[in-house]
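Visitor:
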Amino acid sequence: MKPFYVTTPIYYVNDKPHIGHAYSTAAADMLARYHRLRGQPTRFLTGLDEHGLKIERRAQELGQEPQAFVDSMVPPFEEAWQQLDITHDDFIRTTSARHKEAVQRLWKMLEAKGDIYLADYEDWYCVGCESFKTEKELLPGNLCPDHKKPVEKIKEQSYFFRLSAYAEPLLRYFDAHPDFVKPEGRFNEVKSFVRAGLRDLSVSRSSFSWGIPVPEQPEHVMYVWLDALTNYISALGGPAEPGVAPLYDQFWGEDANVIHIVGKDILRFHTIYWPAFLMSAGIRLPSQVWAHGWLTVNGEKMSKGLGNFLPPAPLVEAFGADVLRYYFLREVSFGQDGDFNHKNLIARYNNELGNGLGNLLNRILPFLKKFDGKVPDVGPLEGADAALASLAEGLAAQVRDNLDAVQLNRALDAIKELIDAANKYVNDEEPWNLSKSDETLGRLAQVAYVTLECVRFLSVMLAPVMPNKANELRAQLGLGALEPQVGVDAWPSRFGELPAGTAVVAGKPVFPKIDAKQEEALLARLVPVPEGVEGDAEKSSGADKKSAKKAPKGQADSGGAGAPSGADAAEGGVTDGPTTIEFDDFAKVDLRVGLVLTAEKVPKKDRLLRLEVDLGEPAPRQIVAGIAEHFTPEQMVGRRVVVVANLAPRKLAGLVSQGMVLATNTPTGLQLLAASDDVPPGTPAK
RNA sequence: GCCGAUGUAGCUCAGAUGGCUAGAGCGGGCGUUUCAUACGCGCUAGGUCAGUGGUUCGAUUCCACUCAUCGGCACCA
4 MKPFYVTTPI YYVNDKPHIG HAYSTAAADM LARYHRLRGQ PTRFLTGLDE HGLKIERRAQ
64 ELGQEPQAFV DSMVPPFEEA WQQLDITHDD FIRTTSARHK EAVQRLWKML EAKGDIYLAD
124 YEDWYCVGCE SFKTEKELLP GNLCPDHKKP VEKIKEQSYF FRLSAYAEPL LRYFDAHPDF
184 VKPEGRFNEV KSFVRAGLRD LSVSRSSFSW GIPVPEQPEH VMYVWLDALT NYISALGGPA
244 EPGVAPLYDQ FWGEDANVIH IVGKDILRFH TIYWPAFLMS AGIRLPSQVW AHGWLTVNGE
304 KMSKGLGNFL PPAPLVEAFG ADVLRYYFLR EVSFGQDGDF NHKNLIARYN NELGNGLGNL
364 LNRILPFLKK FDGKVPDVGP LEGADAALAS LAEGLAAQVR DNLDAVQLNR ALDAIKELID
424 AANKYVNDEE PWNLSKSDET LGRLAQVAYV TLECVRFLSV MLAPVMPNKA NELRAQLGLG
484 ALEPQVGVDA WPSRFGELPA GTAVVAGKPV FPKIDAKQEE ALLARLVPVP EGVEGDAEKS
544 SGADKKSAKK APKGQADSGG AGAPSGADAA EGGVTDGPTT IEFDDFAKVD LRVGLVLTAE
604 KVPKKDRLLR LEVDLGEPAP RQIVAGIAEH FTPEQMVGRR VVVVANLAPR KLAGLVSQGM
664 VLATNTPTGL QLLAASDDVP PGTPAK
């Protein structure tokens, strides 16, 4: 049997766990549990990404050593995974000795291949992203486009990885492996990115030290992505020669099925950089990289400002790990964005699990009294019995195929079909009538058996998502808990294997209903209330959904928030203000009131407006401003704006921009800093 | 601007390699059973399958264009 290896992103320790992390991790856990049930050798890895300048600084702020700080972030994750019944086999930390050594081994392999070279690097650096930004990327005022924080000019020697050499090999690999990246749409994006050409990648830093030292060059630490991505093999003891690291040989061997579950925001790193590193080192690539979407909460993006950064713990307490896992894996089409909605969770719970599944068991168990509480012995199935049996077998195969293809929600769809079919069957066969006469007892036995066998099928198929509930169902059927064994495929395939004579154990409802009162109490306790929102919750959430989608990238990361550092964006702008400057620095800025004389769109540039601005000088200035998405040329002409007059001229879209128009970015849109009409053009603004 | 995707019932989405009455779940409405966690089952949505044009005996399904939405890249002093 093929070894199966599944990984989550290693989560950046800047955030405490929230449902975004929980979602990625639960998805991976569902896969791991499924493959174990199938009898495959299975390995499931999660862990933490603990290096980087951002961490170093955070620790400094807290007056802690970086190591102490990252150590303190481990327990919250371990607790969360325990609460959610996550069955990872290993927990990798990038600060662990085994990881550091592995990364250095990989480095040497890349170096030996000739893919590492030293060169000068100077550019703007964003601490939040832990990455360099080209000047063109920055927002007015040298702000990081993702974090809206000032970037810093850093010049240093840096080692580079010859990524440019791998564009062609990657494209060939993509062609040969049409399922390498999922969903398909994401794969297309990756391909077009690579087709556009790849630049060599800076893979070391000497400006800070919280990272893994480059071998023989300890003044350099490795670029965070090279460090972080390597976790997937370092946890197995790789890279290593055959025979040295058994786990690596098995789960990263040629025939292993290796799946990385990642957030859509870190897809590029996993599908371009990581494969390129591996190619360079002569190591096999992962089988598949699955990018899931992000969760909104009740229609709104998650953010600290809204107070809806949901930690999983209260949800687990309220609903249990099983139900929570079921909910978001069922609700969200895997690979697409989805919404975590408390009301909807309760509705699905009550309808699908309570009324549908739990009640199915409850409505048939009472009839077992007619058979001494034991599963009756029945002969070959015919008619409606056989029809349901073959439906169950067909659906089991379908669920299996869906799970093999990582179509988690589709698998749950198919499971729901069996629940419905079984309920309809009970309805049609009317066991309550059959139990009234001794003559129909034989038929009753058949109906009871078929129904119970359906529940047994369901108990196995649901075990990957709801391991505890599955076993509770089994307990009432008189069956033992599932215990996966390597080499033993426990997936249901043949209908009718529920042993006759098994003593059922009718118990309490497995999915007790949440009544209206309880629901109200739960919602009051669990749903974060955004400020200023009143009235119809549905309407407001619908409207917010739209705005959430339009949010700047990097601010809504949830599922992917676990990504190695760069992805983690929501944090920085919230807590840290801009650095302070001296008055002299400020005095250097020549701010003046300008009158916009003409304005026109720059052809082929969505965001650019070309302005001619009167600054009280002999000739008007040409200024190219990135405001076209917010203002039409007509709206600009005649306006008085505040201009940075002594900004070094630069070319934008082939046009020289001689200054910058100041604006403030509000939640409702861009606002220009203005002056009233009686201020003559050219008046200094300080 | 370039590239790609999407646009189907109130909501979330399936689907048709072109062909009689276009589907599911949820919600809403109506009916019905009584075994069960007042649960289940059945019926019910008058949908221009975004718009326009084309190919065709015939298109919602193929093609072109348009519009809208989303994503990637570019771009953003």
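Numbering (the numbering used here), first residue to last: 4 to 689.
Yeah, the Cβ is synthetic: ideal placement off N, Cα and C, and Gly gets one too.
For clarity, every value in this text was computed on a predicted model and none was experimentally measured.
DSSP puts residue 349 in a beta bridge; with which residues?
Guide: Residue 349 is not bridged to any residue.
Visitor: Where does residue 214 land, buried or exposed, given buried means 16+ other C-beta within 10 angstroms?
Guide: Classification for residue 214: buried.
Visitor: Could you tell me the distance, in whole angstroms, from the CA atom of residue 345 to the CA atom of residue 379?
Guide: Approximately 41 Å, taken between the alpha carbons.
Visitor: Pick helix, strand or coil for residue 155, following the three-state DSSP scheme.
Guide: Residue 155 falls in the strand class under three-state DSSP.
Visitor: Using the Cα positions of residue 422 and residue 468, report the straight-line distance between them to the nearest angstrom.
Guide: Cα to Cα, residue 422 sits roughly 16 Å from residue 468.
Visitor: Give, in chain order, every unbroken run of the alpha helix (DSSP H) that is at least 4 residues long and sits entirely within the region 193-235.
Guide: Runs of the alpha helix (DSSP H) inside the region 193-235: 227-232.
Visitor: How is the beta strand (DSSP E) around residue 293 delimited, first residue to last?
Guide: Its beta strand (DSSP E) spans residues 291-295.
Visitor: By DSSP's criteria, residue 251 is part of a beta bridge. Which residues make up the other side?
Guide: Residue 251 pairs with nothing; no bridge assigned.
Visitor: Tell me which residues share the same chain as residue 623 and place their Cβ nearer than 7 Å to its Cβ, disregarding the 5 neighbours each side in the sequence.
Guide: Same-chain partners within the cutoff: 600, 615, 616 and 617.
Visitor: Just how far apart, CA to CA, sit residue 15 and residue 647?
Guide: Between residue 15 and residue 647, the C-alpha separation is close to 38 Å.
Visitor: Are the Cβ atoms of residue 121 and residue 169 separated by less than 8 Å?
Guide: Contact flag unset, no.
Visitor: Can you name, in chain order, every residue of its own chain whose Cβ lies under 6 Å from the Cβ of residue 415, other than the five neighbours on each side?
Guide: Contacts found: 333.
Visitor: Using DSSP with H/G/I as helix, E/B as strand and the rest coil, what is residue 97?
Guide: Here residue 97 sits in coil by DSSP.
Visitor: According to DSSP, residue 161 sits in a beta bridge with which residue or residues?
Guide: Its beta-bridge partners are 122.
Visitor: Under the criterion of a Cβ to heavy atom distance below 7 Å, does residue 90 qualify as lining the ligand PLP?
Guide: The model on display carries no ligand, and the ligand PLP is accordingly not part of it.
Visitor: Going by CA-CA distance only, name the one from 664, 596 and 638 that's closest to residue 681.
Guide: Of 664, 596 and 638, the residue nearest in Cα terms is 596.
Visitor: Closer than 8 Å is the cut-off here; do at least three beta carbon pairs connect the region 87-100 with the region 168-186?
Guide: The region 87-100 vs the region 168-186: no contact.
Visitor: Could you tell me which residues DSSP pairs with residue 598 in its beta bridges?
Guide: BP columns for residue 598 point to 617 and 643.
Visitor: CB-CB under 8 Å to residue 685, same chain, minus the five flanking residues each way: which ones, in chain order?
Guide: Cβ neighbours of residue 685 beyond the five flanking positions: 595, 596, 597, 617, 618, 619 and 620.
Visitor: Identify, in the order they occur along the chain, each residue of the same chain with its Cβ nearer than 7 Å to the Cβ of residue 197, setting aside the five sequence neighbours on each side.
Guide: Within the same chain, residue 197 has close Cβ partners 170, 173, 174 and 275.
Visitor: Between residue 470 and residue 25, how many whole angstroms is the CB-CB distance? I'm expecting something under 8 Å.
Guide: About 15 Å; that fails the 8 Å criterion.
Visitor: What would DSSP say about residue 260, mapped onto helix, strand or coil?
Guide: Strand.
Visitor: State the beta-bridge partners of residue 185 as determined by DSSP.
Guide: According to DSSP, which records beta bridges pairwise, residue 185 is partnered with 293.
Visitor: To the nearest angstrom, how far is the alpha carbon of residue 319 from that of residue 20?
Guide: Going from the Cα of residue 319 to the Cα of residue 20 covers about 13 Å.
Visitor: Helix, strand or coil for residue 429, going by three-state DSSP, please let me know.
Guide: Residue 429 falls in the helix class under three-state DSSP.
Visitor: Assuming residue 452 is part of the alpha helix (DSSP H), what are its boundary residues?
Guide: From DSSP, the alpha helix (DSSP H) with residue 452 extends over 444-464.
Visitor: State the CB to CB distance for the pair residue 494 and residue 409, rounded to an integer number of angstroms; the pair is presumed to be in contact (CB under 8 Å).
Guide: Not a contact, Cβ separation roughly 16 Å.
Visitor: For residue 284, which residues in the same chain have their Cβ closer than 8 Å to its Cβ, ignoring the five residues on either side in sequence?
Guide: Here the set comprises 109, 112, 113, 116 and 242.
Visitor: With 16 as the cutoff for other CB atoms within 10 Å, does residue 9 come out buried or exposed?
Guide: Buried, because 16 or more other Cβ atoms sit within 10 Å of the Cβ of residue 9.
Visitor: To the nearest angstrom, report how far apart residue 208 and residue 472 are at their CA atoms.
Guide: C-alpha separation (whole angstroms): 49 Å.
Visitor: Report all residues from its chain with a CB closer than 6 Å to the CB of residue 326; omit the five preceding and five following residues, and keep chain order.
Guide: Excluding sequence neighbours, residue 326 sits near 352.
Visitor: How should residue 430 be labelled, buried or exposed, when 16 other C-beta atoms within 10 angstroms of its C-beta is the threshold for buried?
Guide: That one is exposed.
Visitor: So residue 262 and residue 237 are supposed to be a Cβ contact under 8 Å. How far apart are they, rounded?
Guide: Between residue 237 and residue 262 the Cβ distance is about 18 Å, and since that is not below 8 Å, they are no contact.
Visitor: Residues in its own chain within less than 6 Å of residue 281 by CB, not counting five upstream and five downstream?
Guide: These residues qualify, in order along the chain: 288.
Visitor: Along the beta strand (DSSP E) that carries residue 628, what are the first and last residues, could you check?
Guide: Its beta strand (DSSP E) spans residues 624-628.
Visitor: Apart from the five residues just before and just after residue 579, which ones in its own chain have a Cβ nearer than 6 Å to its Cβ?
Guide: Reliability of the predicted coordinates at residue 579 is poor, the pLDDT of 28 falling under 50, and the value obtained from them is presented with this limitation in mind. There are no such residues.
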